[in-house]
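In this note's numbering, the protein residues as written are 50 to 196.
Only one structure is covered here, and it is reproduced in the block below.
Take a look at the structure:
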């Protein structure tokens, strides 16, 4: 009887682990099948609702634990806002709130400063969400280099 109970517990544990990996949001490998932004190679562009959003980070290579300059260019947005925000989060992880305010520096170019923390897990995938006061404009998935 003890052997049957141990077997049921083992099977139950395996089933729970499988369900956890495939049913809980953010636990599957992030970024698979998604369009990744190769931000270390140059700016990335997304389009939504007739607005083209160009996103870039500097200096390159983009690393954690270093000050970064965030640049966003909007094309097709009228009127242009005076500020935008970019929130940084790690898919599937709780890393705390990390929001940068970008100010319009000239024309349709917005710029601000950011700092991306190092994840204790060693994961390097991040998501940047560009927002105006009206709501989200674009999301960019990208990898950072390890320092």
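Beta carbons are placed, not taken as given, at the ideal position from N, Cα and C, and that holds for glycine.
First and last residue of the uninterrupted beta strand (DSSP E) at residue i
i: residue 88; result: No beta strand (DSSP E) holds residue 88; DSSP gives it neither H nor E.
i: residue 174; result: 174–181
i: residue 107; result: 100–107
i: residue 161; result: 158–164
i: residue 130; result: Counting along the chain, residue 130 falls outside any beta strand (DSSP E), and DSSP gives it neither H nor E.
i: residue 10; result: Nothing about residue 10 can be reported from this structure: the residues present for the chain run from 50 to 196 only.
i: residue 185; result: 184–192
Neighbour-count burial assignment, residue i, 16 or more Cβ in a 10 Å radius
i: residue 149; result: buried
i: residue 99; result: exposed
i: residue 132; result: exposed
i: residue 177; result: buried
i: residue 105; result: buried
i: residue 189; result: buried
i: residue 114; result: exposed
i: residue 123; result: buried
i: residue 97; result: exposed
i: residue 161; result: buried
DSSP-derived helix/strand/coil call for residue i
i: residue 149; result: strand
i: residue 167; result: coil
i: residue 143; result: coil
i: residue 198; result: No statement about residue 198 is possible, as the shown extent of the chain runs from 50 to 196 and does not include it.
i: residue 111; result: coil
Problem set entry | Three-pair Cβ contact test at 8 Å for the segment 165–172 versus the segment 119–127 | The segment 165–172 and the segment 119–127 do not touch, with fewer than 3 CB-CB distances between them shorter than 8 Å.
Exercise. Quick one: any contact between the segment 160–168 and the segment 131–145, if contact means 3 or more CB pairs under 8 Å?
Worked result: Segments in contact, yes.
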